[in-house]
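Trainee: Here it is, the structure, as structure tokens.
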């Protein structure tokens, strides 16, 4: 095994200094642009059942109706997470600049892995409840009203 004893600490990937490498990364990021006109998630890719849910939610959203509470349920692999991604993208495209999708859309799931799949939170996490809570662990009125 060969070991190089004479390390040049001022080199980075063959560059004269680490600063040069950082400048190269910064320049590469500036040269790379994403076409924001190309949707990541197309409603046209939804199946019939997904489209029914999508249309209902988007109609409610576009009419500025009252709050809509909906449960998206289905078996594993039925496309629940994809439907939620399409909805999140579609709604985000209607928001004014500087308004975050997280201000208007709350996505909750029963388990941590399901929450991860939809970039959401667990129900108990959002409500700040411990998983093993009992009836004696009722939330305070202040905490309930803050939700």
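Residue numbers (full-length UniProt numbering): 1 to 147.
Ideal placement from N, C-alpha and C gives every residue a C-beta, glycine not left out.
1) Which word fits residue 153, buried or exposed, when buried means at least 16 other C-beta atoms lie within 10 angstroms of its C-beta?
2) Would you grab the beta carbon distance between residue 108 and residue 91 for me? Rounded to a whole angstrom, and I think it's under 8 Å.
3) What first and last residue would you give for the alpha helix (DSSP H) that runs through residue 54?
4) Who are the Cβ neighbours of residue 130 in its own chain at under 6 Å, not counting the five residues just before and after it?
5) So what's residue 109 in DSSP terms, helix, strand or just coil?
6) Which class does residue 81 belong to by DSSP, given the choice of helix, strand or coil?
7) So residue 57 packs on residue 68, CB below 8 Å; how close in whole Å?
8) Which residues in the same chain have their Cβ closer than 8 Å to the Cβ of residue 54, if we skip the five residues on either side of it in sequence?
9) CB-CB under 8 Å to residue 73, same chain, minus the five flanking residues each way: which ones, in chain order?
10) For a quick check, are the C-beta atoms of residue 114 and residue 121 less than 8 Å apart?
11) Taking buried to mean at least 16 other C-beta atoms within 10 Å of its own C-beta, is residue 104 buried or exposed?
12) Given a threshold of 16 other Cβ atoms within 10 Å of its Cβ, counted over all protein chains shown, does residue 50 qualify as buried or as exposed?
13) Classify residue 71 as buried or exposed, calling it buried when 16 or more other Cβ atoms lie within 10 Å of its own Cβ.
14) So, at 6 Å on beta carbons, what are the nonlocal neighbours of residue 126 in its own chain, with the 5 sequence-adjacent residues on each side left out?
15) Classify residue 36 as buried or exposed, calling it buried when 16 or more other Cβ atoms lie within 10 Å of its own Cβ.
Mentor: If we stick to the structure as given:
1) The shown model of the chain, from 1 to 147, leaves out residue 153, and the question about it has no answer.
2) Contact doesn't hold; Cβ gap of about 16 Å is too wide.
3) 48 to 62
4) none
5) strand
6) helix
7) 6 Å
8) 43, 46, 83, 86, 87, 90
9) 80
10) no
11) exposed
12) buried
13) exposed
14) 108
15) Reliability fails at residue 36, whose pLDDT of 48 lies under 50, so the model's placement of it is uncertain and the value that follows must be treated cautiously. Exposed, because fewer than 16 other Cβ atoms sit within 10 Å of the Cβ of residue 36.
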